[in-house]
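Presented below is the structure to which this report refers.
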């Protein structure tokens, strides 16, 4: 009755991935429902195939990641994150699903090629996959400043950067993101392109700081990750976690801000592209 679709090893954390998993659980029980009409069973099976096949298809037809990025993704996937947290090595519980991944990494690279950005700011680095992906698209004289609060992941990322010729373009700023942003603004630093993927409950403050303190140049771009947050932003409020409620509020605030224009893309867990309008 059903076709076999290869599933990712990581748990699903995107709306499409969660939908595919839920549909699969239903499809596996169809044979136990003999009274269910055949057309309903077929429709459910087709819905599962459509959902489960999308992400693997995007992976297959997106340009391959570099060997350095592939190695970093593999190392991140095999790291014992729960153990590191229990040992006190990390400041918070981390997991491999926090990695931006192949398709999103290539998307960010493409955006940098399109915008010709030379100065990039990343708020929330994790193990450095997205930072290294963007650095690969920067010119030789470009620079990416990566903000990361966790010393363990910062060291993890630095080890990966040292294995790539593009790693020299990356400068890691260790500390709380909002404090780092204030320091960068006080130093008069500005950026053409910003990628936000950090504490979801601070997204609004990141956004306002970037604009209010002119860290983002006029007509510069901000890309913001997880702006669908597993679908919570459009599900009933009772199904939202604190992070889901924070992202829903962030989306409302950005949409109401006359200083920017934006588009929300259903890429992975939601990717919003924001353009600062000329003053």
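In the working numbering, the protein residues as written are 28 to 306.
Quick reminder that beta carbons are idealized off the backbone N, C-alpha and C, glycines included.
Bear in mind that the values here come from a model prediction, so they are computed numbers and not experimental data.
CB of residue i within 7 Å of CB of residue j, strictly
i	j	result
residue 48	residue 39	yes
residue 133	residue 89	yes
residue 164	residue 139	yes
residue 152	residue 173	yes
residue 254	residue 205	no
residue 227	residue 300	no
residue 240	residue 212	yes
residue 160	residue 135	yes
residue 71	residue 53	yes
residue 169	residue 145	yes
Burial state of residue i (16 or more Cβ within 10 Å)
i	result
residue 230	buried
residue 295	buried
residue 190	exposed
residue 113	exposed
residue 55	exposed
residue 77	exposed
residue 79	buried
residue 193	buried
residue 42	buried
residue 84	exposed
residue 257	buried
Other residues of its chain near residue i: CB distance less than 8 Å, five sequence neighbours each side excluded
i	result
residue 221	147, 148, 149, 150, 237, 242, 243, 247, 248, 249 and 250
residue 260	254, 267, 271, 274, 275, 278 and 297
Beta bridge counterpart(s) of residue i as assigned by DSSP
i	result
residue 252	298
residue 146	170
residue 277	Bridge partners of residue 277: none, in fact.
residue 243	218
residue 175	201
residue 111	Residue 111 is not bridged to any residue.
residue 303	287
Residue i - containing alpha helix (DSSP H), residue span
i	result
residue 87	65-87
residue 209	204-213
residue 119	From DSSP, residue 119 is part of no alpha helix (DSSP H); its letter is neither H nor E.
residue 201	Looking at the DSSP string, residue 201 is not in any alpha helix (DSSP H); the run it does join, the beta strand (DSSP E), is 197-201.
residue 182	178-188
residue 42	42-54
residue 161	156-164
residue 259	From DSSP, residue 259 is part of no alpha helix (DSSP H); its letter is neither H nor E.
residue 265	Counting along the chain, residue 265 falls outside any alpha helix (DSSP H), and DSSP gives it neither H nor E.
residue 98	94-105
Where the beta strand (DSSP E) through residue i begins and ends
i	result
residue 292	287-292
Sequence-distant residues of the same chain with beta carbon closer than 6 Å to residue i, five excluded per side
i	result
residue 293	none
residue 103	123, 126 and 154
residue 198	172
residue 51	75
residue 68	57
Chain-order list of residues whose beta-carbon lies under 7 Å from that of residue i (same chain, five-residue window excluded)
i	result
residue 86	129 and 130
residue 178	201
residue 166	145
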